[in-house]
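Presented below is the structure to which this report refers.
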Amino acid sequence: KKRAPVPDDIRAAKGGTPLVSLTAYTTPMAQLMDAHCDFVLVGDSVGMVLHGLPSTLGVTMEMMILHGQAVARGLTSAMMVTDLPFGSYEESPQQAFRNAARLMRETGAGAVKLEGGVGMADTIAFLVQRGIPVMAHIGLTPQSVNTLGGYRVQGRGAARDALMKDAKSVSNAGAFAVVLEKIPETLANDVTANIPIPTIGIGASAGCDGQILVLDDMLGLFTAFKAKFVKRYAHLGDDAEAAIAAYAAEVRAREFPGKEHVFADKAPEK
Ligand code: KIV
Ligand code: NA
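Here the sequence shown is numbered in the UniProt record's numbering, starting from 6 and rising by one per residue.
The following block contains the structure:
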């Protein structure tokens with residue numbers, strides 16, 4: 006089996022076959038995507054899609070570690086990246102290093118992701134210089150939902166230059182890739198053409214160097230809302246509910262368990 010990519014392999018994929026990525030939070034789903042993804046993100050979206058939190062702000066280091074450990078057990082050929090949760094890195098480069106090192110030590114992740122552009126460049130450089138590969142995340146950065154005023158498209162009109170500056174500064178700081186979330190397609194293409202590291206799009210452009218989606222969104226498991234950029238490749242939530250309803254009806258009708266699910270008093274003879 007091919008060895009798992011390392012951050013330098015991801016960086017080297019700039020301009021080539023698009024990088025494929027999904028989020029994962031559990032071992033079985035990590036196993037299913039392992040052979041199909043270049044890297045798997047243990048996203049802080051876990052707070053919303055699995056824990057019912059209203060945003061990603063309530064996600065803790067402990068949650069990221071527990072889910073990171075579960076995902077690591079399911080991966081052999083994809084690289085794992087783990088999100089730094091809100092409040093674990095913004096205060097100082099030192100705080101970021103301490104928490105990023107802990108995440109990598111306790112989960113085995115090969116890299117961390119953090120949100121922010123120009124304002125996080127010093128922190129990215131500090132981490133990279135000390136052995137921590139960093140994936141950046143700019144555009145719509147959900148941990149800043151309270152200062153962004155909602156989950157709006159970013160980088161439109163006058164905000165275009167600032168987004169381009171963010172991209173260049175995280176690249177110059179040493180990030181090995183950058184997630185572009187919810188920005189205009191033309192801007193995503195421009196950014197992709199103007200920085201030397203891969204751009205990973207989500208609500209960005211098919212011209213990005215790679216794509217990522219939240220697993221539960223694309224499987225139709227998370228249905229509280231659907232962003233425009235989400236494509237549902239399956240409707241597992243509907244399938245799960247139908248299965249649960251069928252089970253409930255069979256139990257009430259004494260149709261389950263059936264003959265094949267119950268035990269005779271005597272074990273059958275050999
Ligand atoms: O937490 C997450 O799932 C993410 C991706 C949407 C990039 O950060
Ligand atoms: Na995230």
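Yeah, the Cβ is synthetic: ideal placement off N, Cα and C, and Gly gets one too.
Inset, instruction - Give a yes or no on contact between the stretch 196-212 and the stretch 231-241, applying the rule of three or more CB pairs nearer than 8 angstroms. - result: yes
Inset, instruction - Could you tell me whether the stretch 173-180 touches the stretch 188-195, where touching means 3 or more Cβ pairs closer than 8 angstroms? - result: no
Inset, instruction - Please state whether DSSP places I205 in a helix, a strand or coil. - result: strand
Inset, instruction - To the nearest angstrom, report how far apart K264 and Q74 are at their CA atoms. - result: 40 angstroms
Legend entry - Cβ-based neighbour list, R161, same chain, cut-off 7 angstroms, excluding 5 preceding and 5 following: P189
Legend entry - Where F181 falls: helix, strand or coil (DSSP): coil
Legend entry - Local conformation of S82 per DSSP, three classes: coil
Inset, instruction - Please report how far the alpha carbon of M68 lies from the alpha carbon of A105, in whole angstroms. - result: 14 angstroms
Inset, instruction - Please name the residue, chosen from V150, N151, L145, V175, that lies closest to A164 on a Cα-to-Cα basis. - result: L145
Inset, instruction - State yes or no: is the C-beta of T197 nearer than 7 angstroms to some heavy atom of ligand 2? - result: no
Inset, instruction - Out of F227, P262, I249, state which residue places its alpha-carbon closest to the alpha-carbon of L58. - result: F227
Inset, instruction - Taking Q148 as part of the beta strand (DSSP E), name the residues at either end of that continuous run. - result: From DSSP, Q148 is part of no beta strand (DSSP E); its letter is neither H nor E.
Inset, instruction - Return the CA-CA distance between A101 and A141, expressed in angstroms with no decimal places. - result: 13 angstroms
Legend entry - Proximity of L116 and P90 at Cβ, strictly below 8 angstroms: Residue identity differs from the one stated: residue 116 is Ala in this sequence, not Leu. No.
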